[in-house]
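Participant:
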Amino acid sequence: MSSVSGCAPAISPARAALTGIALTVAACALFALLDSGTKFSGQFLPMLMVVWLRFVAQALVTTAVVLPRQGLRALRTQHPKFQLGRALSGVLTTVFAFYCIQHMPLANFTAVWSAGPLLIVVASALLFGEKVSAVRWTLLVIGLIAVIAIVRPEQDGLPLGWMALAPVGVLLCGTTYQLLGSRLARLDPPTTTQLYTTWLPVLATAPLIPWLWEPVPHWQVWAAVGLMGVCSGVGHLLLLQAYIHATPSVVSPFLYSQIGFAMLMGWLFFDQRPDGLSLAGIAVILGCGLVNIWLSVRGRG
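Letter by letter, the sequence shown follows residues 3 to 303 in this note's numbering.
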């Protein structure tokens, strides 16, 4: 199994796989904590202010980790248009996700986000001409039905109207973000992509902040903002390292551990528990995702 690249330590394939799995689970725990910090901060500050502060904190953490090791060469990219497109889709994904997190239980939102890989398969077929089997189309339809069962605008507090489409915005913008990230992974170093993904949104939206800024009510909100930056920056770097140690087929199933962490943190911090229909939808998305991964592994085999 070629799960270890030249950038990873010379260790056995089994140990490399376990390292990749551990890094993935740790990253998912940090992402769930990031969503918790976002939900808490959004109770006190405007949405765009929280989004901007989150990107500032993430950019500072990423820069502190990357620049001392790589210097300014980490900023060199051969594909600025792709970097700009990924950064823009990342901002839109974050804005839609913020709205969903404020009106949905964390586990429900995480399950909706976890349906993204099903959509990526279809998007790859439409954009890159990849062949998609009838089974994958069926998985997509079932997964989207499960998303509808989870979201239920009237139940989860999403007002009816166009803003009830926020979960759809998360999926569409998130799919674009992932597709561009997959493309850039073959063109630019991952640390370069991470720097552009964090700094471009900060610089592009900074002129709006003086009109959006509101006083931060207490230190706990600042602590939550700092926590968001650390969790996002470190979480993404851990995930990059996971893919260095192990193949996507090994790592991908454990990305769904974020649903479990989200359920735990939603219960601990916000006293939120998914109802029976939501749990059924979460289970369906999890099952469809795992079958999708199995089909990918079997196809490569």
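Note that the Cβ used here is the ideal one computed from N, Cα and C, for glycine as well.
Please name the residue in A89, L202, T207 and L146 whose C-alpha comes closest to that of G183.
Facilitator: Nearest C-alpha to G183: A89.
Participant: Can you give the Cα-Cα distance for V223 and I152, rounded to whole angstroms?
Facilitator: If I take the Cα positions, the gap works out to 29 Å.
Participant: Can you give me the C-alpha to C-alpha distance between D158 and P107, rounded to a whole angstrom?
Facilitator: Any reading at D158 must be qualified, since the residue scores a pLDDT of 49, below 50, and its modelled position is unreliable; no value is offered.
Participant: What does a CB cutoff of less than 7 Å around A226 pick up in its chain, not counting 5 residues either side in sequence?
Facilitator: So the list reads G39, F42 and S43, once near-sequence residues are dropped.
Participant: Would you mind giving the Cβ-Cβ distance between Y198 and Q85, rounded to the nearest angstrom? I have them listed as a contact below 8 Å.
Facilitator: Their Cβ separation, rounded to whole angstroms, is 4 Å, which keeps Y198 and Q85 in contact under 8 Å.
Participant: If I follow the unbroken alpha helix (DSSP H) through T178, where does it start and stop?
Facilitator: Unbroken alpha helix (DSSP H) run through T178: A168 to A187.
Participant: Looking at the secondary structure, which residues open and close the alpha helix (DSSP H) in which H220 lies?
Facilitator: Per DSSP, H220 belongs to no alpha helix (DSSP H) and is neither H nor E.
Participant: Indicate whether V204 and A99 have their beta-carbon atoms separated by less than 8 Å.
Facilitator: For V204 and A99, no; Cβs fall outside 8 Å.
Participant: Around the Cβ of L160, are there at least 16 other Cβ atoms within 10 angstroms (buried) or fewer (exposed)?
Facilitator: Residue placement at L160 cannot be trusted, given a pLDDT of 49 that sits under 50; the coordinates are not used to answer.
Participant: Who are the Cβ neighbours of V293 in its own chain at under 7 Å, not counting the five residues just before and after it?
Facilitator: Closer than 7 Å at the Cβ level, and outside the excluded window around V293, lie L141.
Participant: Which of the three DSSP states, helix, strand or coil, is assigned to A19?
Facilitator: It is helical.
Participant: Quick one: any contact between the region 17-34 and the region 71-86, if contact means 3 or more CB pairs under 8 Å?
Facilitator: No, they do not touch.
Participant: Specify, as a first and last residue, the run of the alpha helix (DSSP H) that T194 falls within.
Facilitator: Taken as a continuous stretch (DSSP letters only), the alpha helix (DSSP H) holding T194 covers P192 to T207.
Participant: For P82, does the three-state DSSP call read helix, strand or coil?
Facilitator: Correct three-state label for P82: helix.
Participant: Given this structure, state the Cα-to-Cα distance separating V67 from P119, to the nearest angstrom.
Facilitator: Rounded to the nearest angstrom, the two C-alpha atoms are 29 Å apart.
Participant: In the structure shown, what three-state DSSP assignment does S259 receive?
Facilitator: S259 falls in the helix class under three-state DSSP.
Participant: Taking just the CA atoms, how far does A117 sit from F256?
Facilitator: Distance between the alpha carbons of F256 and A117 is about 14 Å.
Participant: Should I150 be labelled buried (16 or more other beta-carbon atoms within 10 Å of its own) or exposed?
Facilitator: Exposed, by the Cβ-count rule.
Participant: Have a look at G262 and A109 and give me their C-alpha separation to the nearest angstrom.
Facilitator: Cα to Cα, G262 sits roughly 7 Å from A109.
Participant: Measure the beta-carbon distance from L36 to S234 and round it to whole angstroms, keeping in mind my assumption that it falls under 8 Å.
Facilitator: Confirmed, Cβ separation roughly 5 Å.
Participant: Which residues in the same chain have their Cβ closer than 6 Å to the Cβ of V56, if we skip the five residues on either side of it in sequence?
Facilitator: According to the sequence provided, residue 56 is Arg. The question's Val does not apply to it. Contacts found: M230.
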